[in-house]
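For the sequence shown, this note's numbering begins at 10 and goes up steadily by one.
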Amino acid sequence: MSIEVKIPDEMELVYEYPDALTEVSSHYCPGCTHGIVHRLVAEVIDELGIREKTIGVAPVGCAVLAYKYIKTDFVEAAHGRALAMATGIKRVNPDKIVFTYQGDGDLAAIGTAETVHAANRGELLTTVFINNAIYGMTGGQMAPTTLPGMITTSSPTGRDVITAGYPIKMSEILAQTTGAVYITRESATNLGAIRKTKKAIKRAFMAQIAGLGYACVEVVSTCCTNWNMDPWEAMKWAEENMTEYFPLGTFKMTDEVKALQVR
């Protein structure tokens, strides 16, 4: 008995390498979620057709090398100053799409003032904020988002909230500012969450394109190396521990942003 196998004349392309993502080897540690979010940003830029008019701003930390992977114009900012620099760039180039790509040690520590005031002014900017609860590039020290009791190189017995304070919840804070139009916390720890994160990033860029105000997408992420975990263990730990303290969800979305047709 023979079995006939029908091969279609043309295969349907369902997934491809984003044009806005550089085809180079990653320097990130195995299992790092920065690479996932880089791809999501690149896919969104391609789908919106804005690569030639987009400018990214990357500050100090693991986020600094975003320019190596996302094929748009990029500038580097001093530690914590990404949103200050982005504000200047956008104001002198209002026709450009300007975004910052920042980690928690940058955005939520040395850059807290720049972050809060850019949001409160309603700057037409988009921020992608990676929250992995630790300083990744500089050796795994305690970050402003480090969980209570979490061990780091600078808190070897665990974060003591009596002396170090509590982890800062930036999305909740930014949602209180008048100028912010879209503030959400998503995750890069499983496939379903990653799909939601891409949609959120796309909405945040569209809010800027529509001239609505400041938008920030916080992404709960992992740091396998400094957490001393393998990638799978780190993903599970983030889902079971980080999302308990940093709940996922949208904290502010104006009616105008809600009305955007995000596909």
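Using N, Cα and C, we set each Cβ at its ideal position, and we do this for glycine too.
Can you grab the Cα-Cα spacing for the pair residue i / residue j, in whole Å?
i: residue 262; j: residue 246; result: 29 Å
i: residue 190; j: residue 218; result: 13 Å
i: residue 150; j: residue 22; result: 44 Å
i: residue 222; j: residue 183; result: 13 Å
i: residue 238; j: residue 101; result: 45 Å
i: residue 154; j: residue 227; result: 12 Å
i: residue 196; j: residue 73; result: 20 Å
i: residue 128; j: residue 19; result: 48 Å
i: residue 166; j: residue 141; result: 19 Å
i: residue 131; j: residue 187; result: 7 Å
i: residue 70; j: residue 271; result: 31 Å
i: residue 260; j: residue 181; result: 6 Å
i: residue 164; j: residue 158; result: 9 Å
i: residue 269; j: residue 103; result: 21 Å
i: residue 216; j: residue 65; result: 16 Å
i: residue 214; j: residue 220; result: 10 Å
i: residue 202; j: residue 152; result: 24 Å
i: residue 258; j: residue 176; result: 18 Å
i: residue 229; j: residue 168; result: 19 Å
i: residue 126; j: residue 110; result: 17 Å
i: residue 75; j: residue 84; result: 10 Å
i: residue 44; j: residue 174; result: 31 Å
Give a single yes or no on whether residue i has its beta carbon closer than 7 Å to a heavy atom of the ligand NAP.
i: residue 120; result: Although the ligand NAP was asked about, the structure shown includes no ligands whatsoever.
Considering residue i, what are the terminal residues of the alpha helix (DSSP H) in which it resides?
i: residue 181; result: 179-183
i: residue 214; result: 200-218
i: residue 44; result: 43-57
i: residue 243; result: 240-246
Would residue i be called buried (16 or more neighbouring beta carbons within 10 Å of its own) or exposed?
i: residue 199; result: exposed
i: residue 275; result: Nothing about residue 275 can be reported from this structure: the residues present for the chain run from 10 to 272 only.
i: residue 171; result: exposed
i: residue 36; result: exposed
i: residue 115; result: buried
i: residue 113; result: buried
i: residue 39; result: exposed
Using only CA atoms, which one of the options lies nearest to residue i?
i: residue 107; options: 240, 30 and 95; result: 95
i: residue 50; options: 27, 244, 187 and 152; result: 27
i: residue 161; options: 145, 269 and 67; result: 145
i: residue 138; options: 193, 99 and 57; result: 193
i: residue 25; options: 37, 42, 36 and 52; result: 52
i: residue 267; options: 202, 211 and 112; result: 211
i: residue 117; options: 87, 178, 76 and 58; result: 178
i: residue 60; options: 29, 113, 241 and 68; result: 29
i: residue 240; options: 34, 62 and 41; result: 41
i: residue 251; options: 111, 112, 156 and 77; result: 156
i: residue 123; options: 32, 88, 148 and 143; result: 88
i: residue 134; options: 121, 147, 119 and 97; result: 97
Considering residue i, what are the terminal residues of the beta strand (DSSP E) in which it resides?
i: residue 262; result: 258-262
i: residue 227; result: 223-229
Minimum length 3: unbroken beta strand (DSSP E) runs contained in the region 130-202: DSSP runs (the beta strand (DSSP E)) wholly in the region 130-202: 135-140 and 189-196.
4-residue-minimum alpha helix (DSSP H) runs that sit fully inside the region 71-108, ordered along the chain: Listed in chain order, the complete alpha helix (DSSP H) runs (minimum 4 residues) inside the region 71-108 are 91-101.
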